[in-house]
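Chemist: Sequence positions in the sequence shown follow numbering that gives the first Met the number 0 and run 0 to 191.
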Amino acid sequence: MHYPYLLVILPKKQVTHVYNLEEKKKEKDFSETILDYAEGKVLRNGGKTTMLDSLDLGVLCDKGFIQSSTEVLCLTRVTTNNVENKVISISIPDKKQKEVYVSGDIITDFSVINGRMYIGEINLHNKQNYLLVDGEKTEVPSVVSLIYELGGEPHFATLKGALSQEENWYKIENDKTLLINSTKIYLLRTEN
Numbered sequence: 000m001h002y003p004y005l006l007v008i009l010p011k012k013q014v015t016h017v018y019n020l021e022e023k024k025k026e027k028d029f030s031e032t033i034l035d036y037a038e039g040k041v042l043r044n045g046g047k048t049t050m051l052d053s054l055d056l057g058v059l060c061d062k063g064f065i066q067s068s069t070e071v072l073c074l075t076r077v078t079t080n081n082v083e084n085k086v087i088s089i090s091i092p093d094k095k096q097k098e099v100y101v102s103g104d105i106i107t108d109f110s111v112i113n114g115r116m117y118i119g120e121i122n123l124h125n126k127q128n129y130l131l132v133d134g135e136k137t138e139v140p141s142v143v144s145l146i147y148e149l150g151g152e153p154h155f156a157t158l159k160g161a162l163s164q165e166e167n168w169y170k171i172e173n174d175k176t177l178l179i180n181s182t183k184i185y186l187l188r189t190e191n
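Here is the structure:
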């Protein structure tokens, strides 16, 4: 999710629907799975590499974030045969790469909200979950599946899956996480 855009991906159909949350309407449809969409630019995987529109970035991203017209952030593996991963910055158009954060554990998600970088991380040995805010690491109660912006503030969701038996959503306030609801995950609120 890259506010104001919400990407709804249907992996079995290889389709992505992009919704504009501010305008509350569908922005665009893609007949492929994309990593990010911002200001008309599309970040997608094309075979063994990731593309920003037609520019081959020279690396394969598991997740991506279009930071600006001159920078893309990419979650990629430290080495091909390793589960450990890292966030790198790729400058556009020269494709120079710079490591932003290298994890000794596994990064579950990352995002930039209001100019601050948020990274979710899990230690598979002790099953402890962490949230890094601009490099400051804090323990959190459950896996960080999705980091997103809601009402101008950072939140994260824990989605039910292999790493979690239940769904929760949290508001991030400085170095604290506040459980908002344990039965529903909200990505958009509308005023009555």
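Glycine residues also receive a C-beta, built at the ideal position from the N, C-alpha and C atoms. Keep in mind that this is a model prediction, so the values were computed, not measured.
In or out: Lys62 buried (at least 16 other Cβ within 10 Å) or exposed?
Modeler: Indexing the sequence shown from 1 puts residue 62 at position 63. Result: buried.
Chemist: Compute the distance between the beta-carbons of Phe64 and Leu72, then report whether it is under 7 Å.
Modeler: Along the sequence shown, read from residue 1 onward, the residue named residue 64 stands at position 65. Along the sequence shown, read from residue 1 onward, the residue named residue 72 stands at position 73. The answer is yes: Cβ separation under 7 Å.
Chemist: State the Cα-Cα distance for the pair His1 and Ile118, rounded to the nearest angstrom.
Modeler: Translated into the one-based positions of the sequence shown, residue 1 becomes position 2. Translated into the one-based positions of the sequence shown, residue 118 becomes position 119. Those two C-alpha atoms are separated by around 14 Å.
Chemist: Determine the direct distance from the alpha carbon of Gln96 to that of Tyr129, and round the result to whole angstroms.
Modeler: Taking the sequence shown and counting its residues from 1, one reaches residue 129 at position 130. Taking the sequence shown and counting its residues from 1, one reaches residue 96 at position 97. The straight-line gap from Cα to Cα measures roughly 25 Å.
Chemist: Less than 7 Å separating the beta-carbons of Asn122 and Asp104?
Modeler: Within the sequence shown, residue 122 is the residue found at index 123, counting from 1. Within the sequence shown, residue 104 is the residue found at index 105, counting from 1. Against a cut-off of 7 Å, the Cβ pair of Asp104 and Asn122 comes out as a contact.
Chemist: Measure the CB-CB distance between Ser144 and Leu158 and report whether it falls below 7 Å.
Modeler: Taking the sequence shown and counting its residues from 1, one reaches residue 144 at position 145. Taking the sequence shown and counting its residues from 1, one reaches residue 158 at position 159. Contact: yes.
Chemist: Could you name the residues of the same chain whose beta carbon sits closer than 7 Å to that of Gln66, not counting the 5 residues immediately before and after it, in chain order?
Modeler: Taking the first residue of the sequence shown as 1, we reach residue 66 at position 67. Correct list, in chain order: Leu72, Val111.
Chemist: Please identify the residue among Glu21, Tyr36, Glu83, Gly57 whose C-alpha is closest to the C-alpha of Ile91.
Modeler: As a first step, residue 91 must be located in the sequence shown, where it is residue number 92. Taking only the C-alpha atoms, the option nearest Ile91 is Gly57.
Chemist: Count the other C-beta atoms from every protein chain shown that fall within 10 angstroms of the C-beta of Asp35, then say buried if there are 16 or more, exposed otherwise.
Modeler: Residue numbering aside, residue 35 sits at position 36 when the sequence shown is read from its first letter. Answer is buried; the Cβ neighbour count reaches 16.
Chemist: Which residues in the same chain as Gly45 place their Cβ atom closer than 8 Å to its Cβ, once the five residues preceding and following it in sequence are excluded?
Modeler: Along the sequence shown, one-based indexing puts residue 45 at 46. Taken in chain order, the residues that qualify are Asp55.
Chemist: Shortest alpha-carbon distance to Asp93 belongs to which of Glu31, Ser68, Gly39?
Modeler: The residue labelled residue 93 in the question sits at position 94 within the sequence shown. The candidate whose alpha carbon is nearest that of Asp93 is Ser68.
Chemist: Given this structure, state the Cα-to-Cα distance separating Asn125 from Ser163, to the nearest angstrom.
Modeler: Sequence index remark: in the sequence shown, residue 125 carries index 126 (1-based). Sequence index remark: in the sequence shown, residue 163 carries index 164 (1-based). Rounded to the nearest angstrom, the two C-alpha atoms are 14 Å apart.
Chemist: Unbroken beta strand (DSSP E) runs of length 3 or more, entirely within the segment 90-116: which are they?
Modeler: The qualifying runs are 96-101, 105-112.
Chemist: Just verifying my parser: in three-state terms, what is the DSSP assignment at Asn167?
Modeler: In the sequence shown, the residue the question calls residue 167 occupies position 168. Reduced to three states, the DSSP call for Asn167 is strand.
Chemist: Checking the sheet assignment: what are the DSSP bridge partners for Ala156?
Modeler: Counting from one through the sequence shown, the residue named residue 156 turns up at place 157. In the DSSP output, where bridge partners are listed per residue, Ala156 has Leu145, Trp168.
Chemist: Taking the beta strand (DSSP E) that Thr137 belongs to, which residues open and close that run?
Modeler: Position 138 of the sequence shown, counting from 1, holds the residue named residue 137. Residues 135-139.
Chemist: What's the C-alpha gap between Asn191 and Thr15?
Modeler: The residue you call residue 191 lines up with position 192 of the sequence shown. The residue you call residue 15 lines up with position 16 of the sequence shown. Note that Asn191 scores a pLDDT of 41, beneath 50, so its modelled location is shaky and nothing firm can be said.
Chemist: If you compare alpha carbons, which of Lys85, Thr75, Gly39, Lys27 is closest to Thr48?
Modeler: On the sequence shown, position 49 is the one that residue 48 refers to. Of the listed residues, the one whose Cα sits closest to Thr48 is Thr75.
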